[in-house]
Structure formats: structure tokens, C-alpha cells
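Chains as they are written, first to last, in our numbering: chain A, 104 to 593; chain B, 104 to 593.
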């Protein structure tokens, strides 16, 4: 893109001034529409060192109410951030519905730097590009406006700016060693930047190259593109996007109605013996995966009163509390609902060497959100693919991903509900909603069957835990987890 | 894509049958919705030789009313087709609004064949891929549903099918030499196919790989994806898409109000002398470009009564009638309006060595269609980019592209209108619409200024012909054309 790019004509001073004013007024008006229509806008500003990215952001936000935007300057990842998947810290920054996020450099800067440093070989670079394309597509598919700017200056101009900044004591700190290195290796950088821009230039999140030689003109270009982008996005009330082929390595799952529950029991004795043995083993494995820095993500889904909580306890009972976290997942908080539905999970991922257990999960998208109409059909249809992608990111990062469906039959549920109702100490566990959900058992079962068929992959398989006898289900879970960890640690 | 592709699970016979029936019924119902919503659907079926592409199309169309679809089997381009830009014969086949086009192989087949034959080197291949991506994006941006299937079979399966077909005299004709060659070079073909699929897999026109081992199952996969795709597309009433950066090599143009008209005159004598000289020269150049097979595209736009017709006559007067065509462009016919607005121009391109003169053109999109509300704002805003792309395709093909704006002032127009009104032989030239358009002079002038700024490129520049004195404008046009041809023929 940079190589074929053509410098735009800079307007005369008067025209520039009046167009800039018009754009500023427009943006001021748009922020209200944006809020009404709940449009989230992510503005990524990448470019050469000393190209004026920061000051352009500074100019743009002057026209926006401070409640409606956040600015992040993405530095080199910290040690802590390095222990999460590459995208996690970027995903974290996405704006809420109706608001802006401005990023002063982002994932492009990170990837191209590592490319130039030789940290990323061809294959890893290709994987990163793939992740970025998926990430950006997931945002735009879910109604985000993603605007990507590259602030471009020539080698000569960059050298002059670095010189200018360095001369003055008050501004010298703004010149990084990276900027100087860039200028010395300008052509090589141009090569790498240009390839990245080409690799990630998609119709729904295209790149806009900004001629950054003049600050005012750069601001005008960015402002005008921003206004046009917002106009376009505001026009699309609720957008349906093509469903992609769910071509992940799927494992055939039985229908829930075909899962035999009878006879899946253990005696108290068998249970105690196996529990002890498996928990000891798990404790040992936990230490090893901590040392080897293997991250683990375990998902629990299941019918109300199926015994998820007790099952999770038997797992965590064996674990060092410093090395795991359980995330109970209820309906999203307002600030969570205002973002991409995967956001609250991206921000809860374990560090490597840690275990995260999700008591309910992102699969709510294709169960409760689907059936209660909290998202559109296109949204939940698309979600199978998106969740397979999400787990593939985790797998590529090195995580062990396991998913449990805790299964009981309708009669067992009724028994447990009744028991809860009649036992004062357990009454808090039973809500009216549980009864309402029970009435929809059949539609839920069909949705769950579809979910199991479409999201059980070799790298993140579903396991059904037959839990009419809770002891049986607990031992089965422990066995599956220990086996998976043993395999991963080999 | 093919390398990472995972074979889908084939459902049991009973399930397959019932899902196929459901999909067929759905498609039968969708065709009516499609017609109502004027959705055009382009289905491209590519894949291995003998993979059953044709018979799948045969099955799918059985459920569609014959008035609503066309099937094309794209063979190797003919000698005639080779003399047009690569995309022309494909663009020609796009469906009308509310209808289907099925292509039994298309541009993928053409490109990968030429890649395997060694006709396309890396650079030319990259250019083709670029053209395809632009083409498909232009279709989806303009509301087309584009579904791309790749019918995939293994080397063994292909060999078995070729064997089976060859044995039977009645089917042996269906095996081409290309199929046999493909099977012998399966791995090399796989490499080239896979790269092409990766290179052209975009979010708005993604690839779907079909497991074509079983015919019934292949049909089911294609039908289900087709139905889902139509559902998604029907959901989007009127879609606004991101405006891409107009980064073409633009030439700065003056505003019309700044173009001096006074003094741009010729005496009758000067005119006659120069006309004769230039027409002779043009005639000679026409012969040379015919021999050298250079295509020429000339666009005339201008105010009503500015003298376009007479200007064009002075050009064509010098040309061999076998080597040029004039295309008067009025408002589109129903079958033209039902397609992408560039369709009627893609199908009117000259063969190489020929000259096509357009009396009005695709620029109607950003003048009359814009100002009369015949398209949405997003449509005409996007059109500057699309037309620059279109002309770049022509330029890359080797064409000389010239665009004339025939300029007069408002008073001159009034004089000529009055003259037409008062001269019985000229009355047919003046319509009520001309008067109505005259009332909108100022908004037209602003739109024309914007058009000239945004679409005058180094490879397809606008030239303003000052035509208060028509003689002056004619000589200027002849000079520009002869100079451009001389340059191209050097």
C-alpha cells in the first residue's frame, strides 16, 4: 500500500481551515448520534515514529466530550501481559457501545517491531496476521466501526523531526531509541510496514494512509475520514454478515437424548478412593504445569441443578489457590453488555501456568442469549464460528482447553428443585427463573445439541458428565482433566 | 484453506434426506423474497475436474423457476474474449436484481489454469488476484450476494471418477484432457488452488469448501450454505459500506468557475487548416494502433448544448468506421438498471486496437444519479473510488483512456437553447428536461467540480474543452487525442 500510495493534494490554507472547522463541527454533532445508536468506534493510529500520532489524537479529542472516549498509548507489553495471549491486552481496550477508543499505536506496532527484531519468523508472523484479521473481523461483524490510520512521513522528514526534538531539552524525551533506529533502517521498516498494511487491509476494516508531513493537514485527513466512517456506520441499523464455513476439526457428539444416564453411578467407597487418588495426581500436575507455564481453561455448562458447583469444588480442592481462579458467569453487567460478548472472557484469561475455570461461559451466546432474543439470529449463528476461533487462539497460545456439559434428565432436575424448595438452607439456590427455564427444556435441549455439534473441536472438546449420580460426574471430570494435563505436559 | 480444511461429518442417510428436503423447500420460498427485495445472487462453483460441479448445479436449479436464473459454463476464453480485459467476460455474466447466476467454473479456473500453464508470472498473478478482489468487492459493496464454492475431492477419488467416466462410451466425452492432467499433477494443482483460495478469501465474499465425495452430501452442503447466505443478505435492507481511501494518482483540476472561456476561439481559417492536419494525423494513428492492438476509450461529458455531438463527429470523421464505435449513453434500460451500474460499460468495451467513444458515461453516477437521488449517498460517494478502479483496470489492460468535459457558461447555454427552440430543424434536440437541468446549474457545477477533483488520474485524466467557440473545442480535443495516441504508440 505504501509503495503505491499517492500523496494527496494539500488544500490551500483557507480551504484547509474551513474544511477542518466543518469536520470538527460534524464530529461534535456525530458523538450524540453515536451514543444514541450505541455505535462503538475504535480508532487505531499507527505510523512512523515522530509522525505526530499523539498530537493528532490530541487535536481530534478536543471536540469530543471526555465521557465518550478513552485514549490508550500501547507500550511494549509488560512481563505480565506477555503471559497472556498476544491479543488479550488489545481486546481489553475495545470501546463500549456509543464511545470511542483511540489507540496511539497498537497491534501493528507490536507485530512489526517483533518482525524487525527477528522475534517472529515467517510462520509466526503469518499466524499473527491471521489473528489480527480474525480480531478485526470479529469486531466489525459485531457492529464495531474500526478505523485504521497509518501516519506516513519520508525518511528525510523523520530525520528532521527527530533532530528538532532532540535539540530542545524539553522535547528530547519524546524521541525514543526506536525512532532513531527506525530512521537508520527506514527502507527495511518501510518494507515490513508495507507488507503488514497489505496483509491486513480488508474491505470492512481498510487502512487509510495519512500524509503526515503537515500537522494541520494530517489532522484534516484523519478527521474527514473519521466523520465519513461514522456516517457510513450509523447508516447500518442492524447488519447481518455472511456466515463463514465452520471448518474446524470437529468431533462428532451424541445428541443429549442419546446419552445413557442409567448405571452411571459409583458407590461411596469407589468414589472416595478414586477422588483421593485423582486429586493427588491433579495437585502434582498443577505444580508441573505451573513450572512449564502451561495455561489451562476449563468451561462448565449444564442444566440448572445438574451439580456444576460441587463438581468444580472437587477440582479446585486439589489445586494450589495461588494458581487458579473460578469465574462465575452471570448475566453481563452494563459495561460488559456494552462490549463484544467475548470481551468479558478475553479479560478473564489466566496467565500461563494458571488455571481458569468458568462456571458458565461464552456459550451463553448460543443458549440463553439465543433463546431469549438478547441477540439477533445472525449474531448467534455467527457465534459458533467466533467461539471456535476464540478457542483456537487459546490453543495456539498453548492452552489446554476443556469443556464440560453436566447432564441430568428432566425428572432428576425436578427432584432437586423440589428438594431445594423444601430445604431452607438450599432455598437461595432456586429462583423463579430456574422454573421458567425448566419450562423451555425442549428448546434448550435442541440449542444445546446444536452447540455441541458445532463447537466440539479436537483442540477444545466437549465432554458430557453424566451427573444423575454426582459422584460419578465428579470422578469423570477429574479423570478427563488429569489425562488432558498429562498429555499436555509430556 | 484446503490444507487446513477439515472434512465435515456426513449425516446419516435419513437425516441427509430430510435436511435436503428442508433446504429445497426453503430455496423455493426464498426465490420469491429475493425477487421482491431485488437481491442479485451470483453463485460461483469452482473445484476439481470431475468433482460434480455441473451435476450439483443441475440439482440446485431444479427448485428454481427458470425465469429467475441463468447458468453459464465458462470455457477457455475465445480469441474475441482475449481481446478484452480479463474481467469483461465475467462481469458480463452478473445476474440482474432478484435473480441468480450460476457459474460452472469462472475466474478462479481461468487464473489457476494460466498459473499452472506458466502463462502468469508472480507479478501478473498478483495483479489478477487484485482485480478479482476488486471485482468481488464491487459486487458485494453494491448489494450483490456472492457465494463461492470449491468442490473438493481427493486424488484417489478423482482418478476413480475419471476412470469410471472413460470406461463408458456415453460419458467419456465428459473427461477433458485437463482433468487427466490435473489428476497426474494433483499436488501441484492443490498448491496453486490453495493459494488462490487464501488470496481471495474475504469476509464479504468468503470461500466455502464442499466435500464432494458424495453427490447427495455435496448438494446438501451447497444448498444449506446457499439458503443461509440468502437469509443473511435479505436481512440487509440497504447497506452502507466503508468508503475506501481515494489513493489514486490524482491530477489537480481547476474549478469550473476558474476556467477562462474568453478568448478561446479560432477563426474559420485557422480551424479548417488545423482540422485537416489533425484529422489526417489521427487517421494514420488509428491504423497504427489497430496494428499494435492498443485499445482506446474516450469519454465525453459536458453541459447540455455544449457541443459534445459535433465534437465527437470531428473525431470520428477521421477514423476508419471498422475500428471505432460511439456509444450514446442515455438513462439505463430496465435490464441495465437491474445490474451493477458499471455493467453496461463493461459490456461495451472496445476490442484491443479499437476505439470506443462514450457520449456520456459511467460518470452519470456522480452527476444525475447523485443529484436526482437515483442511488444512495453511500453509493455515489463510493463511486469515485470504483470508477478510478475501473479505469485502472482499463489502463492495466493497455488502454489509452481520455476524458473530456465540454465546458460552456450559463449564458451560452441559454443562447443555444433559445436558438434550438426557434429553429424547427433543431427543436428535437431540446427537451423539458434540459430546461429543468438548467435550473439546477449550481448544484450540478458543485458535483462536477467534485468529480473532476476526485477522478482525474494520471492514467485517465480529465481535459476541459472550452466550447463557447465550438471550433476551438474540437481542435483542442483532436490535439489531445493525437498527442495521447502518439505517446502510447511510441
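Built from N, CA and C at the ideal position, the CB exists for glycine as well.
query, result
"Proximal residues, the stretch 289–309 of chain A versus chain B, C-beta separation under 7 Å", "305, 306, 307, 309"
"Residue of 507(B), 534(B), 490(B) minimising C-alpha distance to residue 350(B)", "490(B)"
"Any chain A beta carbon closer than 8 Å to residue 114(B)", "no"
"Residue 106(A) to residue 252(A) span [Cα, whole Å]", "16 Å"
"Chain A residues whose Cβ lies nearer than 8 Å to that of residue 108(B)", "350"
"Contact the stretch 157–176 of chain A vs the stretch 203–215 of chain A: 3+ CB pairs below 8 Å", "yes"
"Start and end residues, beta strand (DSSP E) containing residue 569(B)", "565–569"
"Limits of the unbroken beta strand (DSSP E) element including residue 459(A)", "458–462"
"Backbone CA spacing between residue 260(B) and residue 316(B) [nearest angstrom]", "7 Å"
"Given 8 Å, three or more beta-carbon pairs between the stretch 364–377 of chain A and the stretch 565–580 of chain A", "yes"
"Proximity of residue 594(A) and residue 444(A) at Cβ, strictly below 8 Å", "A question about residue 594(A) goes unanswered here, because the residues of chain A that appear run from 104 up to 593."
"Contact under 8 Å by Cβ, residue 494(A) with residue 562(A)", "yes"
"Continuous beta strand (DSSP E) stretch holding residue 510(A): start and end", "503–510"
"Reduced DSSP category for residue 400(A) - H, G, I as helix; E, B as strand; rest coil", "strand"
"Cβ contact check for the stretch 281–299 of chain B and the stretch 295–313 of chain A: 3 or more pairs under 8 Å", "no"
"Contact set for residue 585(A): own chain, Cβ-Cβ below 7 Å, skip 5 residues either direction", "381, 384, 385, 388"
"Within chain B, the residues that residue 487(A) reaches when beta carbons sit closer than 7 Å", "Those do not exist, as residue 487(A) stays about 12 Å from chain B at its closest Cβ, beyond 7 Å."
"Alpha helix (DSSP H) segments (min. 4 residues) lying fully within the stretch 153–196 of chain B", "156–164, 182–185, 191–194"
"Closer than 7 Å at the beta carbon, the chain B residues around residue 343(A)", "335, 338, 339"
"Residue(s) in a DSSP beta bridge with residue 255(B)", "314(B)"
"Rounded separation between residue 341(B) and residue 230(A) - CA only", "35 Å"
"Start and end residues, alpha helix (DSSP H) containing residue 281(A)", "280–287"
"Partners in chain B for residue 331(A), counting only beta-carbon separations shorter than 9 Å", "345, 346, 484"
"Contact the stretch 504–518 of chain B vs the stretch 398–406 of chain B: 3+ CB pairs below 8 Å", "yes"
"Extent of the continuous beta strand (DSSP E) run through residue 430(B)", "427–431"
"Span separating the alpha-carbon of residue 243(A) from that of residue 347(B)", "15 Å"
"Within chain A, partners of residue 311(B) - CB distance below 7 Å", "348"
"Residues in the stretch 218–244 of chain A having any Cβ partner in chain B nearer than 7 Å", "240"
"Residues bridged to residue 144(B) [DSSP beta-bridge criterion]", "203(B), 248(B)"
"Near-chain B residues of the stretch 351–376 of chain A - C-beta to any C-beta below 8 Å", "351, 352, 353, 355"
"Cross-chain neighbours of residue 491(A) in chain B, by beta carbon under 9 Å", "Near residue 491(A) there are no residues of chain B at all, since even the closest Cβ is about 11 Å away, more than 9 Å."
"Cβ separation of residue 595(B) and residue 154(B), assumed to be a contact under 8 Å, to the nearest whole Å", "Past the boundaries of the shown model lies residue 595(B); chain B is included only from 104 to 593, so the question cannot be answered."
"Residue-level contact to chain B via CB, residue 499(A), 8 Å cutoff", "no"
"CB contact below 8 Å: residue 390(A) versus chain B", "no"
"Residues within the stretch 513–546 of chain A neighbouring chain B, beta-carbon criterion of under 7 Å", "none"
"Where residue 209(A) falls: helix, strand or coil (DSSP)", "coil"
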